[in-house]
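Input: a single structure, listed below in structure tokens.
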Amino acid sequence: MMAQPGWKKTRRRRLSSLVILPLEYATLNFVQGDEDGSLSKTPVSSGLQSLWDKLFSADSSKQQLACLKEINKYVLQDDTALSEGERDALQKALAWLLLNPDSSQQVRSVIIKIQASLADRCPPLEAGLRAQLAAPAPATPATLQLLEFLSDHPLGRRLLLDSLPQLMLFFKEELGFHCQTMCAMVSPVELAAAAGPGQRAVRLLMVTLQVLQPLSPEYDLETVRAARDSLERLLTLPALPWDLRGNCGMAYVLLCLAGGDRDLHATVLNAAFPSAELCGSDAGPVPLANWPLAAQLALLAGCVHALPSDQLLLPAGGGGALLSLLLGWLLHTGMSVSDTATLLGFSRGVLSALGRITEACRGALASPGPPDPSAPLPGPSSASAELSSAVGDSPSGTDASPTFPDLTPDGPADPPDGPVGSPASLASLLPEVLVEDLLQFVWRLMADDAQSVRSVAGDMLSALVALFAGFPDGPFLRELTTSVLALPLHLRRRCRALRCLLPALGVTRLLAACPALPRQLVGVIGDPAVSTHAVELYCVLLSEHRRAADPDTWLSVWVEPLFESDAVPPPALAQITGRIAQLAPGSAAYVTQRVACRRRLPRHLWLVLLTAVQAAHRQGAAGENWREALPVARLREALQHRDDQVGIREWERDGGIGDSWSEIGRGRMVRAAELMDFQ
């Protein structure tokens, strides 16, 4: 539409995040109250005051940030000696700016740097944080953002520790409010809408507990129990979104640790069996069998994530570690789950357990000896996947009562048989029957229709391979290889499993375990269901073997089976032939002869052959009689296309074969090479 006369095209202005400082902070030389109640002014140097004047008069957030950076440089200068009064005044003013809900993350980051340069502690900031947490309505996004920001900085962590009573009361009220709100929801849609703020609060509680855990803080037990009750009620909501439920499970376990329950061994065992009872609510014991399946998963997976390694490695009666019990529970119940979201939760729970097992084995190799029970509790595994995407809703009709033998702990932990870090120590964490169940679970996931589940299955198999690769002399990797090779040939998951196995096993050992593997792959390349995966695997294997084998062995292993079978589709043959030409340009004569024996080939495959021969010419492979091997008449027939008149004329001019081969059909050859991805 034409602009009307007098109209002016304007650009919409983005709202600025400029924080307006109050007038009392117009100068750092403001009036402060002394301890005796009298009023005094803080003397401030002219250099610091001039920088503060620029900050106060800034008219954009960008200028404000630049001024704060200048103040930071000024404070860090060697010749700058701030008096105690100047430090107090600057700390108070910056504390107000940091606690302001409109302050951006960049502004807060610079302020934290300045505060850390001024002193190890910041009394004005501590007082302001306590005041915010004790406000009548603290549950604001700004407060949650501030706590999340502080948990990422050493000074902020000390502030959180100093404000621990107010902080736990804040979480108690916050969780109680969200619990009451969501328990009153009837519609799943309403519940999902109300779960957003609750999710942020629970995640923040998790982060805060993880940050404070190594500092061994002293929590108020009544406040911790009240927060646990709220989480327990949230866990048992049938329609709770699965990501929130997973975070609730991990936060519940962290609160158990915060409440002084260092020995969670019996608690976890009770949670693992339907006959046990889990206490923690004012209404009395809650039978775990009555919990939704996803709630049980959230609690057990939370144990996998949050429990310290010294407790996860305790034996559970029959000699197996507690971690093995948790993994077995996840596998046993996950095999009967059909709901995609819940299955994804079980899958990621198993993946987390494998991460903790890997961590335990590496820790045993690095620091032999039993853990010190008086040592501070470590945080959760950094190798574990985040639980926020690990749990699904409980499907209807699923048996939530797996049967296990009674594995009540009957004594202190015994060291595993064999040297620390040996295959025997891994066998104590992954018994043979558990490995079999684990592989069955992986194959079941790889056959799932959901791409997300198949992706987690690949990650799980890669984690298993990485774990077993640390014990090359043990039976674990060999058993895994046997299990993979025993899969039916016409299954895509067999190709994916071999790809996962290759980094740890190597192509030489893989071929030693299955010499017929190249011919097996050639036999299934013609199957449309598995062709793409088989071709990719074939190209990967021949590329890896090219580095490890001599040329004659490589050709006999990979190239001969390819041309002995007429079942390989021309597109697949073209792709693999091009890869062979890339890896070994000197083999162009051999490939040319074998391709020329094929009776019916599409035109694009002949162009692949031309590319291979041209590559041989560039490499100076004139001694391999590639000219005699070239079927001139058939190539000329293949090039008879109205697009290729230039190439045909050059071909005829040179008599089909000449010394200027690189000029024959150059344009068409370049286009073919680009098309087939050979350059």
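Per mature numbering (1 follows the signal peptide of the UniProt record, and there is no 0), the sequence shown runs over residues -33 to -1, 1 to 646. A virtual CB, placed ideally from N, CA and C, is assigned to each residue, including glycine.
Cβ shell of residue i (< 8 Å), same chain only, five flanking positions each side left out
{"i": "Lys139", "result": "Thr190, Ala193, Ala194 and Ser197"}
{"i": "Leu454", "result": "Trp410, Arg460, Arg461 and Ala464"}
{"i": "Cys506", "result": "Gln542, Ile543 and Arg546"}
{"i": "Ile492", "result": "Ser498, Ala501, Val502, Tyr505, Ala534, Val535, Pro536 and Ala539"}
{"i": "Leu100", "result": "Thr110, Ser130, Gln133, Leu134, Leu136 and Phe137"}
Same chain, Cβ closer than 7 Å to residue i, five either side skipped, listed in chain order
{"i": "Ser429", "result": "Cys467"}
{"i": "Val489", "result": "Pro528, Leu529, Ser532 and Val535"}
{"i": "Val420", "result": "Thr307, Leu310, Leu311, Ser314 and Leu412"}
{"i": "Thr448", "result": "Leu468, Leu472 and Ala480"}
{"i": "Pro184", "result": "Leu128 and Leu131"}
CB contact flag (residue i, residue j, <8 Å)
{"i": "Leu117", "j": "Leu127", "result": "yes"}
{"i": "Leu65", "j": "Arg75", "result": "yes"}
{"i": "Ala471", "j": "Leu452", "result": "no"}
{"i": "Ala433", "j": "Thr325", "result": "yes"}
{"i": "Leu22", "j": "Val77", "result": "no"}
{"i": "Glu511", "j": "Val474", "result": "yes"}
{"i": "Gln487", "j": "Leu456", "result": "yes"}
{"i": "Ala265", "j": "Leu202", "result": "yes"}
{"i": "Pro518", "j": "Ala480", "result": "no"}
{"i": "Ile176", "j": "Glu115", "result": "According to the sequence as given, residue 176 is Leu; it is not Ile. No, these two residues do not count as a Cβ contact at 8 Å."}
{"i": "Leu297", "j": "Leu267", "result": "yes"}
{"i": "Leu122", "j": "Ile81", "result": "no"}
{"i": "Ala288", "j": "Leu396", "result": "yes"}
{"i": "Leu401", "j": "Phe438", "result": "no"}
{"i": "Val169", "j": "Ala218", "result": "yes"}
{"i": "Ala161", "j": "Thr148", "result": "yes"}
Status (buried if at least 16 other CB within 10 Å, exposed otherwise) for residue i
{"i": "Ser334", "result": "Bear in mind that the predicted position of Ser334 carries a pLDDT of just 46, short of 50, making it too unreliable to give a figure here."}
{"i": "Leu188", "result": "exposed"}
{"i": "Ala342", "result": "With a pLDDT of 34 at Ala342, under the threshold of 50, the predicted position of this residue should be treated as unreliable, and no value is reported."}
{"i": "Lys59", "result": "buried"}
{"i": "Pro485", "result": "buried"}
{"i": "residue 708", "result": "What the structure shows of the chain is the stretch from -33 to 646, and residue 708 is not part of that stretch, so it cannot be assessed."}
{"i": "Arg463", "result": "buried"}
{"i": "Glu403", "result": "exposed"}
{"i": "Glu53", "result": "buried"}
{"i": "Arg212", "result": "buried"}
{"i": "Leu182", "result": "exposed"}
{"i": "Gln31", "result": "buried"}
{"i": "Asp3", "result": "Any answer about Asp3 is weak, because its pLDDT of 44 lies below 50 and its placement is not dependable; what the coordinates show is given next. So Asp3 counts as exposed."}
{"i": "Val613", "result": "Because Val613 carries a pLDDT of 45, less than 50, the predicted location of this residue cannot be relied on, and the following value inherits that uncertainty. By the 10 Å Cβ count, Val613 comes out exposed."}
{"i": "Arg323", "result": "buried"}
{"i": "Leu279", "result": "buried"}
{"i": "Pro383", "result": "At Pro383 the pLDDT is 37, less than 50, meaning the model places this residue with poor confidence and gives no usable figure here."}
{"i": "Pro275", "result": "buried"}
{"i": "Ala43", "result": "As written in the sequence, residue 43 is Leu, which differs from the Ala given in the question. Flag for Leu43 reads exposed."}
{"i": "Asp119", "result": "exposed"}
{"i": "Asp210", "result": "buried"}
{"i": "Pro208", "result": "buried"}
{"i": "His56", "result": "Here the sequence assigns Ala to residue 56, which means His is not the residue at that position. Label assigned to Ala56: buried."}
Candidates the options, of which the one nearest residue i by Cα
{"i": "Gly14", "options": "Leu201, Tyr41 and Leu294", "result": "Tyr41"}
{"i": "Ala320", "options": "Gly295, Glu531, Glu403 and Gln30", "result": "Gly295"}
{"i": "Leu142", "options": "Gly322, Glu157, Met173 and Gly123", "result": "Met173"}
{"i": "Tyr186", "options": "Leu458, Phe438, Leu456 and Gly226", "result": "Gly226"}
{"i": "Ala424", "options": "Gly437, Leu207, Ala262 and Trp410", "result": "Trp410"}
{"i": "Ser498", "options": "Asp277, Cys223 and Leu540", "result": "Leu540"}
{"i": "residue 656", "options": "Met217, Leu211, Ala206 and Gly316", "result": "Residue 656 is absent from the structure shown; the chain starts at -33 and stops at 646."}
{"i": "Leu458", "options": "Ser422, Ala414, Gly437 and Ala483", "result": "Ala414"}
{"i": "Ala94", "options": "Leu85, Trp63, Gln73 and Ser84", "result": "Trp63"}
{"i": "Ala86", "options": "Leu113, Gln112, Gln73 and Leu49", "result": "Leu49"}
{"i": "Arg262", "options": "Leu292, Gly316 and Ser24", "result": "As written in the sequence, residue 262 is Ala, which differs from the Arg given in the question. For the residues Leu292, Gly316 and Ser24, the minimum Cα distance to Ala262 belongs to Gly316."}
{"i": "Pro482", "options": "Val524, Asp494, Pro208 and Ala496", "result": "Val524"}
Proximity test, residue i beta-carbon vs the ligand GTP heavy atom, cut-off 7 Å
{"i": "Leu179", "result": "Summarising the ligand content, the structure contains no ligands, and the ligand GTP is consequently not present."}
Min CB distance residue i to chain D below 8 Å
{"i": "Ala414", "result": "Of the protein chains in the structure, only one exists, and it is not chain D."}
Close Cβ partners of residue i (< 6 Å) along its chain, the five nearest in sequence each way excluded
{"i": "Val220", "result": "Gly269, Cys270 and Ala273"}
{"i": "Ser450", "result": "Leu406"}
{"i": "Arg513", "result": "Trp521 and Leu550"}
{"i": "Met427", "result": "Leu318 and Val409"}
{"i": "Cys89", "result": "Gln58 and Gln82"}
{"i": "Ala436", "result": "Ala471"}
*Is the number of C-beta pairs between the stretch 158 to 167 and the stretch 129 to 136 that are closer than 8 Å three or more?*
no
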